[in-house]
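Worksheet: one structure, shown below.
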Amino acid sequence: MNPGDLLLHLNPLLLLASLAAGALHLRDGDAEKRLLQRVSLGLLLGSLTASLLLLGSYFYRTALEFEYVTDYSALELPLRYKLAGVWAGRDGTLLIWCWAAALALNWELWRGAAADGAGALRRGDAHQHRVFVLFASGILLALAAIQLAINPFTLSDPLPTAGRGLNPLLQSPWMTIHPPIVFTAYGFAVPLYAAGLAALVAHGDAWLDVGRRWARWFWLLTASALTMGGYWAYTTLGWGGFWAWDPVETSGLLPWLAATTFLHAAVMGKRKRHYALLGPLLAMVVLLLVLFESFVTRGGIWLSVHAFLPSQGENAAQRFMSIIANDASVKGLVLLLGSCLTATGFVTARAYSRAPPPEPRQREKLEEWLDEDTTFFGAIYTQLLILTVTLVLLLMGVNGYLPGFVFESRLALFVALLAAFFAIYTLQRWHPVRQLLGWCVAAAGTSVILGLLLLGARPGSWMAGAALPWAALAGYAALRYLWSFRGKPLLPRLRAWGPYIAHLGIILVALGYGVSYGLDQVETIELEEGGSTEAAGFTVTLDDVVMRPGEENRLEAQFRLHRGERLVVDGTAARINTADTAEWRTLIYLEHHLDRDIYVTLDKVWIDTEGDEPSRATLTVRQIPGIMLVWTGALLTTGGMALTIFTDWAPGKQWLRKVGK
Numbered sequence: 001m002n003p004g005d006l007l008l009h010l011n012p013l014l015l016l017a018s019l020a021a022g023a024l025h026l027r028d029g030d031a032e033k034r035l036l037q038r039v040s041l042g043l044l045l046g047s048l049t050a051s052l053l054l055l056g057s058y059f060y061r062t063a064l065e066f067e068y069v070t071d072y073s074a075l076e077l078p079l080r081y082k083l084a085g086v087w088a089g090r091d092g093t094l095l096i097w098c099w100a101a102a103l104a105l106n107w108e109l110w111r112g113a114a115a116d117g118a119g120a121l122r123r124g125d126a127h128q129h130r131v132f133v134l135f136a137s138g139i140l141l142a143l144a145a146i147q148l149a150i151n152p153f154t155l156s157d158p159l160p161t162a163g164r165g166l167n168p169l170l171q172s173p174w175m176t177i178h179p180p181i182v183f184t185a186y187g188f189a190v191p192l193y194a195a196g197l198a199a200l201v202a203h204g205d206a207w208l209d210v211g212r213r214w215a216r217w218f219w220l221l222t223a224s225a226l227t228m229g230g231y232w233a234y235t236t237l238g239w240g241g242f243w244a245w246d247p248v249e250t251s252g253l254l255p256w257l258a259a260t261t262f263l264h265a266a267v268m269g270k271r272k273r274h275y276a277l278l279g280p281l282l283a284m285v286v287l288l289l290v291l292f293e294s295f296v297t298r299g300g301i302w303l304s305v306h307a308f309l310p311s312q313g314e315n316a317a318q319r320f321m322s323i324i325a326n327d328a329s330v331k332g333l334v335l336l337l338g339s340c341l342t343a344t345g346f347v348t349a350r351a352y353s354r355a356p357p358p359e360p361r362q363r364e365k366l367e368e369w370l371d372e373d374t375t376f377f378g379a380i381y382t383q384l385l386i387l388t389v390t391l392v393l394l395l396m397g398v399n400g401y402l403p404g405f406v407f408e409s410r411l412a413l414f415v416a417l418l419a420a421f422f423a424i425y426t427l428q429r430w431h432p433v434r435q436l437l438g439w440c441v442a443a444a445g446t447s448v449i450l451g452l453l454l455l456g457a458r459p460g461s462w463m464a465g466a467a468l469p470w471a472a473l474a475g476y477a478a479l480r481y482l483w484s485f486r487g488k489p490l491l492p493r494l495r496a497w498g499p500y501i502a503h504l505g506i507i508l509v510a511l512g513y514g515v516s517y518g519l520d521q522v523e524t525i526e527l528e529e530g531g532s533t534e535a536a537g538f539t540v541t542l543d544d545v546v547m548r549p550g551e552e553n554r555l556e557a558q559f560r561l562h563r564g565e566r567l568v569v570d571g572t573a574a575r576i577n578t579a580d581t582a583e584w585r586t587l588i589y590l591e592h593h594l595d596r597d598i599y600v601t602l603d604k605v606w607i608d609t610e611g612d613e614p615s616r617a618t619l620t621v622r623q624i625p626g627i628m629l630v631w632t633g634a635l636l637t638t639g640g641m642a643l644t645i646f647t648d649w650a651p652g653k654q655w656l657r658k659v660g661k
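First residue of the sequence shown: 1, per full-length UniProt numbering; consecutive thereafter.
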């Protein structure tokens, strides 16, 4: 047994010791048992950290005696891609997942112990916190057991002479940061689930602060990963988009939607003790959807370019039975998902049966029907509808790819309704509710008219027209709120600004999605060298087609784009492949402008080696308007959440108070 094997087999034992000590401490309050629990979980974090560092060192020196290193590394790879091999497969990503969960659990354990020792926790909160640690440890034990089935320290047999290397499509700077962010976020979903479960099992309020803390971090990291993944696809794959409603993309969006809904419910939970049942349930749903997303990615049930495994079988049932029979790690994930789903259903049903009936509210005036509580309630349940519809469409597409317009047309109404609730909730402190309702009706009417007008021009363009009025109304609401805090002291101003900067970013992303996919111009043309034609609003001239052989064979098309007499682009698009491989990669010509991107790809090349005929090339020329709205909005969204986290962090508060004096 090598050192890595030893560490991985030690982890379940440490977790069993932690669970036993924690259960005994919960029963009799013995301080020694509590210390044993803390030591066990501390050693677990040390073991997982050592495992990651050890695996990284094996990739650094290309230790081909390990099967996982052989699969994802090679001697000739640059250092950054050697290290990226750590998280190129299922084995390494699960190790990061476990490490992040252990990090969060240790943070909460030591934080809770410090607060309990200082007498800052009420008795009920202290009990709830101990229950939370037990639940989180149990989930982590299941993940550590699954890790034994996909062990990155398994030895190669026989010993290979060369590694397979990293997939050329993964040899991107984004590969060095995107997967670790994704699986760190997955780890933070573990304490979020445990906090929700503890809230429904043990009385107390400690769970809410724990849940909000890790939901924010999960939300920030997932939003960052979705943005990076979208930009990576946009600049690498050559199809001119950043979101394709691919099953893995869509399943990755679901936990973020659930975390968004939870954070909104937590606002009212903290402020008014509302959503005492829905809040914990949403916290648990985040991990359930993370496990589901991992199953979609790792199981090969859905057909996807992102999947870890190739799909097998003609239909979903055959693929499911095949993977369950042959892959112990996927079987473990399914069992964990089923166990968590059962626990969630049981404790939720029990809590619902014991909850007192809600007190009926008397509503007579329009202002009472659309007050802050009601519109907030409407926004939360609209988000739940968006989540549910997206999940249902994903399940419907298990045996075949559903095109993007299916998702767009089904979700558009709910997105518009969410914008209306947001505007009414935010603006009613400055405008009468009747006026706001009138604005929403006007936005709805304008949205329908513009959508229909543009729909007649070209398919898909309705999104741009339909999105514009709602983006204007919701954007005004966000900006009006931000403006109202301009004269406040620095700390309260930034605390108020953080969430609304994030909201403004989401509005820009939604508008940018509608404009970039609805109003883009795309044409594919075939040209001989020296030939010109009109395409996507340009006069396209193909100047030269070149084949450059070498370690990487490179096909280049040199072209110019004119608008009238003005030269807009003089550039090169290319396709390359590594010698002795059949896979060709696209090198995009991409030029960013504030109002649009110019995006050109080389699709095919015909080179006459005898010189009898001119060489030809097929180019796809795109003008993509509004795409900068997406990237700007994504930065605002993640920046707003980062600001929210910073202004709720004790050292951050102290620093801002000092700066603001």
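Virtual Cβ for every residue (Gly too), placed ideally from N, Cα, C.
Checklist entry - What three-state label does DSSP hand Thr154 in the structure shown? => result coil
Item to check | Gly300 beta carbon less than 9 Å from that of Ala199 | outcome: no
Item to check | Run of the alpha helix (DSSP H) containing Gly165, from where it starts to where it stops | outcome: Note, Gly165: premise wrong, no alpha helix (DSSP H); not H, not E.
Item to check | Among Gln521, Leu24, Leu148 and Leu16, nearest to Ala328 - alpha-carbon criterion | outcome: Leu148
Item to check | At least three beta-carbon pairs within less than 8 Å, the stretch 610 to 619 to the stretch 523 to 530 | outcome: yes
Item to check | Inter-residue Cα distance where the pair is Ser73 and Ala496 | outcome: 47 Å
Checklist entry - What separation, rounded to the nearest whole angstrom, lies between the Cα atoms of Gly168 and Leu45? => result Checking the displayed sequence, the identity of residue 168 turns out to be Pro instead of Gly. Going by the C-alpha atoms only, they are around 33 Å apart.
Item to check | Simplified DSSP state of Asp5, which is helix, strand or coil | outcome: helix
Checklist entry - Who does Trp606 pair with in a DSSP beta bridge? => result Arg616
Item to check | Pick from Asn577, Leu55 and Glu293 that is closest to Leu395, judged by C-alpha positions | outcome: Glu293
Next on the checklist: I'd like to know whether the C-beta atoms of Asn577 and Glu552 end up nearer to each other than 9 Å.
Outcome noted: yes
Item to check | Under 9 Å between C-beta atoms of Trp256 and Ala223 | outcome: yes
Item to check | CA nearest to the CA of Leu221, picked from Leu192, Leu77, Phe183 and Tyr500 | outcome: Phe183
Item to check | Extent of the continuous alpha helix (DSSP H) run through Val290 | outcome: Leu278 to Gly299
Item to check | Residue of Thr375, Thr647 and Glu108 minimising C-alpha distance to Pro191 | outcome: Glu108
Checklist entry - Taking the alpha helix (DSSP H) that Ala63 falls in, what are its first and last residues? => result Here Ala63 belongs to no alpha helix (DSSP H), and DSSP marks it neither H nor E.
Item to check | Inter-stretch contact (C-beta, 8 Å, three-pair minimum) for the stretch 324 to 340 and the stretch 136 to 152 | outcome: yes
Checklist entry - Around the Cβ of Phe346, are there at least 16 other Cβ atoms within 10 angstroms (buried) or fewer (exposed)? => result exposed
Checklist entry - If you pair each beta-carbon of the stretch 192 to 212 with each one of the stretch 125 to 140, do three or more pairs fall below 8 Å? => result yes
Item to check | Best match in Leu587, Ser532 and Arg548 for proximity to Arg560 [C-alpha to C-alpha] | outcome: Ser532
Checklist entry - Roughly how many whole angstroms lie between the Cα atoms of Glu67 and Tyr599? => result 40 Å
Checklist entry - Leaving out five residues before and five after Arg585 in sequence, what residues of the same chain have Cβ atoms less than 6 Å from its Cβ? => result Pro168 and Ile576
Next on the checklist: I'd like the list of long-range same chain contacts for Arg493, defined as Cβ closer than 7 Å, with 5 residues on each side in sequence excluded.
Outcome noted: Phe485
Checklist entry - Can you tell me whether DSSP reads Trp497 as helix, strand or coil? => result helix
Checklist entry - Got a sec? Which residues, its chain only, sit under 7 Å from Met547 by beta carbon, not counting five neighbours each side? => result Leu555 and Ile607
Checklist entry - Using the beta-carbon count (16 or more within 10 Å), is Arg164 buried or exposed? => result exposed
Item to check | CB contact flag (Ala100, Phe188, <9 Å) | outcome: yes
Checklist entry - Would a C-beta distance cut-off of 9 Å place Ile645 and Trp217 closer than the cut-off? => result yes
Item to check | Residues of its chain near Thr344, where Cβ-Cβ distance is below 6 Å and the 5 sequence neighbours each way are ignored | outcome: Met284
Item to check | the stretch 630 to 650 in contact with the stretch 562 to 573 per 3-pair CB rule at 8 Å | outcome: no
Checklist entry - Should Gly660 go down as buried or exposed, given a rule of 16 or more other Cβ atoms within 10 Å for buried? => result exposed
Checklist entry - Which partner residues does Gln318 have in the DSSP bridge list? => result Partner(s): none; Gln318 has no beta bridge.
Next on the checklist: Tell me the residue span of the alpha helix (DSSP H) that contains Leu413.
Outcome noted: Gly404 to Leu427
Checklist entry - Pick from Gly42, Ala50, Leu26 and Arg38: whose alpha carbon is nearest that of Leu6? => result Ala50
Checklist entry - CA-CA distance, Met1 and Glu65? => result 13 Å
Next on the checklist: Three Cβ pairs or more, each shorter than 8 Å: is that satisfied between the stretch 199 to 212 and the stretch 242 to 254?
Outcome noted: no
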